[in-house]
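Report on the structure given below.
Residue numbers (my numbering): 4 to 160.
Right, dumping it as structure tokens:
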């Protein structure tokens with residue numbers, strides 16, 4: 004029998020860090036790759052990146068916490084984002100968010116216990132003419148109300 008040359012996620016992450024060792028300017032690129040590999044950016048991953056790129060940990064955390072794309076918590080298989088920008092807000096986004104929170108049993112910013120859904124209220128999805136708008140794994144749904152949002156997520160259950 005042959006031996007497995009399988010790489011763990013940590014092996015992959017270490018290769019990415021090694022390719023950018025000491026390059027502070029590569030921080031965002033490395034964070035993106037790390038999140039692709041690990042699924043999210045917990046403290047130990049941030050520490051490894053900080054050490055490898057020779058960047059203070061507080062700078063790494065500052066970037067991670069500033070950009071909504073990055074997550075320090077595991078995300079669900081289906082990532083729901085509801086636009087809460089001005090047009091969407093005025094046309095009912097808060098009711099859509101409340102409806103989804105009730106249906107999923109989580110608050111915006113959380114993931115269901117089974118790891119199936121994550122819910123986020125975001126600043127703008129760039130589709131104001133279709134307000135309110137939500138996405139599930141980047142697939143957009145426009146003119147959504149509270150009931151339609153519940154119907155849409157049932158397709159993913």
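No residue lacks a Cβ here, since even glycine has one placed at the ideal position from N, Cα and C.
Are the Cβ atoms of residue i and residue j separated by less than 7 Å?
i: residue 76; j: residue 40; result: no
i: residue 107; j: residue 115; result: yes
i: residue 81; j: residue 139; result: yes
i: residue 52; j: residue 66; result: no
In whole angstroms, give me the CA-to-CA distance for residue i and residue j.
i: residue 99; j: residue 23; result: 42 Å
i: residue 124; j: residue 144; result: 14 Å
i: residue 119; j: residue 79; result: 5 Å
i: residue 34; j: residue 135; result: 30 Å
i: residue 10; j: residue 20; result: 15 Å
i: residue 127; j: residue 96; result: 11 Å
i: residue 156; j: residue 61; result: 37 Å
i: residue 25; j: residue 36; result: 16 Å
Residue i and residue j look like a contact to me (Cβ under 8 Å); what is the Cβ gap, rounded to whole Å?
i: residue 74; j: residue 43; result: 5 Å
i: residue 146; j: residue 122; result: In fact, because the Cβ distance is near 19 Å, the residues do not count as touching under 8 Å.
i: residue 137; j: residue 149; result: Wrong, their Cβ atoms sit about 11 Å apart, outside the cutoff.
Any contact between the region 47-55 and the region 84-99? By contact I mean 3 or more CB pairs, one from each, below 8 Å.
No contact exists between the region 47-55 and the region 84-99.
Contained beta strand (DSSP E) runs [length at least 3] in the region 76-145, N- to C-terminal order:
81-86, 120-125, 137-139 and 142-144
Within the region 54-79, ranges of the alpha helix (DSSP H) (whole runs, at least 4 residues)
Whole alpha helix (DSSP H) segments, 4+ residues: 60-69.
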